[in-house]
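Chain order of the listed sequences is A and B. Counting in the working numbering, the first sequence runs from 211 upward without gaps. Counting in the working numbering, the second sequence runs from 211 upward without gaps. Beneath this line is the structure, given in structure tokens, with notes to follow.
Protein chains: 2
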Amino acid sequence: MLKKERQAFILHQVNLHNKVLSSSLCTEINVSEDTIRRDLQELSDEGKIIKVHGGALSHSFNQVYFPSIGVYSQNQKQVIAKKAVALISNGMFVLTSGGTTIMELARTLPPQLKATFISGSIPAILEYMHHPNIEVIVIGDKVSKNSKITVGSEAIAKIKQVKADICFLGTNAIDAEHGITDNDWEVVQLKKAMIESSKMVVCLSIAEKVNSVQPIKVCDLGEIDLLITELPADDPILLPYINAGVKVL
Amino acid sequence: MLKKERQAFILHQVNLHNKVLSSSLCTEINVSEDTIRRDLQELSDEGKIIKVHGGALSHSFNQVYFPSIGVYSQNQKQVIAKKAVALISNGMFVLTSGGTTIMELARTLPPQLKATFISGSIPAILEYMHHPNIEVIVIGDKVSKNSKITVGSEAIAKIKQVKADICFLGTNAIDAEHGITDNDWEVVQLKKAMIESSKMVVCLSIAEKVNSVQPIKVCDLGEIDLLITELPADDPILLPYINAGVKVL
DNA sequence: CGGGTTTCTGCGTTTTTGTGCAGGAATTTC
DNA sequence: GAAATTCCTGCACAAAAACGCAGAAACCCG
């Protein structure tokens, strides 16, 4: 069998089944693993396949990509994300809501972090999926098209079954008097369940949303452990929250 | 034998078998390897064949095995998707697996279609989410990074709770004798559950996957109701399936 | 017809290419 | 962490290609 012929066969297999194992190829074609590996290397150099440990993948299926441009207040959110990431250590179970701040957190996760992330937010799940060492658990239920998150009794029931080490809530509004509030009834139900199911609750909020109020209440300040904004912890705007017993980062 | 005669013979052989070996040519025509090589070189310079180490290939070989751009076999998949979409009517509950053929189906859904789609495939969910009138139900569980689909006992349990009107399976391999087979154990478990939970099971498969076999069995032909390929229903390659009682579109 | 030229072919040598193997390094996986 | 895969590197060997050369055939033309 000619080299080109072999490579054509490999390419064909990859495109057909979306993945191939070097081992199965080398028994099928009856050549050494080295030859297969060299072929995969060449095809990969030509950009025709994606070489991975143990085989190769087709290029087509792997391209679900999310540009992160145009996010509102992205710089602030990156600051928040960096502070938040520092709270996550290896082996943790992390529960997250949706929202652009959470997305920023997802993109900031260091590649070597090994943790389990649980979420019902489809965009967040996509982002977690791209990380090499993170296990992703999806909360299933009906998708709310507004918030791109799964909502409903099933989702709440599933959340109640877990006990996460830490929970990150993207926050819509926070206020010393009214606590955390939001404007989507179903999302509020979810967040309540998440708070219940976590040892530690962290609110992520850009300073702009601090001291604002929305119609539906999620929880009192007493139920959250940590508030993260892009401001330094001693900023006077945050004082009421410190006084209310919330740690601020 | 004249040079021109020889080259005509070579060209004929190449077009007939899509490949020739220099070594076999030189015994057939009874000239030295050098002569053959020079002939191949000339034919290659004229663009009539593709010269490779050890012999030569025809251009048609390249066309067959190196589809130029985009998702592999996208045209075929679009044909399949159109046939499949025609089976969905308003109000239906639709269960789908993952894979590029399913993605094509998702993109082909007409905007006015009102239906409920249930899936654990993250890329598919994304696609469904963008449609204006489709309700999306997510099957939750751990995400398999290979297949970008949720897998595990929770997912299977959830699938068993539904009774869908129709189920679309992206097929990795189908064969008259071995039925439907696949190469990922967890995905196979899911597909089995999906088949159980649906009134009607439809297999989507490009013709190239027809009559191929993978290591793990999903089900026998008897369990599927419909097979959709890009070929016309009376193509002889599909005859064994019709004989086995599967409807073909 | 015959000498000169061009083309074609085969041979030996040198290079290049393709393949498999052995070992140690890197990685996955449990 | 430890065992098992898989990967990479260098190497050896074989097959094929490239190159130069020389003899043979064909061709041209006076």
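The C-beta atom is built at its ideal place from N, Cα and C for all residues, glycine as well. All values derive from a computational prediction rather than experimental measurement.
The three-state secondary structure of Asp-435(A), taken from DSSP, is coil. About 19 Å separates the CB atoms of Gly-362(B) and Gly-309(B); that is not less than 8 Å, and the two are not in contact. In the DSSP assignment, Glu-345(A) is bridged to Thr-326(A). Excluding the 5 residues flanking it on each side, Gln-424(B) has same chain C-beta neighbours closer than 7 Å at Asn-382, Ala-383, Thr-391, Asp-392 and Asn-393, in chain order. Only those residues of the segment 219-234 of chain B whose C-beta falls short of 7 Å from the nearest C-beta of chain A are listed: Lys-229.
Taking the CA atoms as reference points, Thr-245(B) sits about 14 Å from Lys-261(B).
For Val-224(B), the uninterrupted alpha helix (DSSP H) run begins and ends at 213-227, by DSSP. The beta carbon of Lys-287(A) sits closer than 6 Å to those of Thr-311 and Glu-314, all from its chain and outside the five residues before and after it, given in chain order. Within the segment 406-429 of chain A, contact with chain B at the beta-carbon level (separation under 8 Å) is assigned to no residue. Interface criterion met: the Cβ of Val-262(B) is under 8 Å from a Cβ in chain A.
Residues are counted here when their Cβ sits less than 8 Å from a Cβ of chain A; for the segment 367-399 of chain B these are Lys-368, Asn-382, Ala-383 and Asn-393, given in chain order.
When C-beta distances to chain A are compared with 7 Å, the residues of the segment 336-354 of chain B below that value are Leu-336, Met-339, Glu-345, Val-346, Ile-347, Val-348, Ile-349, Gly-350, Asp-351, Lys-352 and Val-353, in chain order.
Around the C-beta of Thr-360(B), 16 or more other C-beta atoms lie within 10 Å, and the residue is accordingly described as buried. Within chain A, the residues whose beta carbon sits less than 8 Å from that of Leu-267(B) are Leu-212, Lys-214 and Glu-215, listed in sequence order. The beta-carbon of Lys-292(A) is placed no less than 8 Å from the nearest beta-carbon of chain B. Comparing alpha-carbon positions, the option among Cys-377(A), Glu-396(A) and Asp-430(A) lying closest to Lys-409(A) turns out to be Cys-377(A). With 16 or more other CB atoms across the displayed protein chains lying within 10 angstroms of its CB, Asp-249(B) is buried. With distances taken between CA atoms, Lys-402(A) lies nearest to Thr-306(A) out of Thr-237(A), Ile-332(A), Thr-306(A) and Ala-325(A). Per the coordinates, the alpha-carbon of Ser-242(B) lies some 33 Å from the alpha-carbon of Cys-236(A). Look at Thr-360(A): its C-beta is under 8 Å from a C-beta on chain B.
Listed in chain order, the non-local C-beta contacts of Val-398(A) below 7 Å within the same chain comprise Asp-392, Ile-426 and Val-428, local neighbours out to five positions each way being set aside.
Here the alpha carbons of Glu-396(B) and Ile-347(A) stand approximately 15 Å from one another.
With contacts defined as CB atoms closer than 8 Å, Ile-405(A) and Thr-439(A) fail to qualify as a contacting pair. With distances taken between CA atoms, Leu-441(B) lies nearest to Leu-414(B) out of Leu-431(B), Leu-414(B) and Glu-433(B).
In the displayed model, Leu-297(A) falls within coil according to three-state DSSP, outside both helix and strand. Against chain A, the CB of Asn-356(B) has a partner CB under 8 Å away; the residue lies at that interface. Residue pairing of Val-262(A) in beta bridges, as defined by DSSP: Gly-265(A). For Leu-221(B), same chain residues with a beta-carbon under 8 Å away, outside a window of 5 residues either side, are Leu-253, Lys-258 and Ile-259 in chain order. Contacts between Ile-332(B) and chain A, judged by CB atoms closer than 8 Å, involve Val-274, Ile-332, Ile-335, Leu-336, Met-339 and Val-348 in chain order.
Closest option to His-340(A), judged by alpha-carbon separation, among Pro-320(A), Gln-251(A) and Ser-354(A): Pro-320(A). As DSSP reads the structure, Ser-407(A) sits in no beta bridge. Per DSSP, Ala-383(B) lies in no alpha helix (DSSP H) segment; the continuous beta strand (DSSP E) that holds it begins and ends at 383-385.
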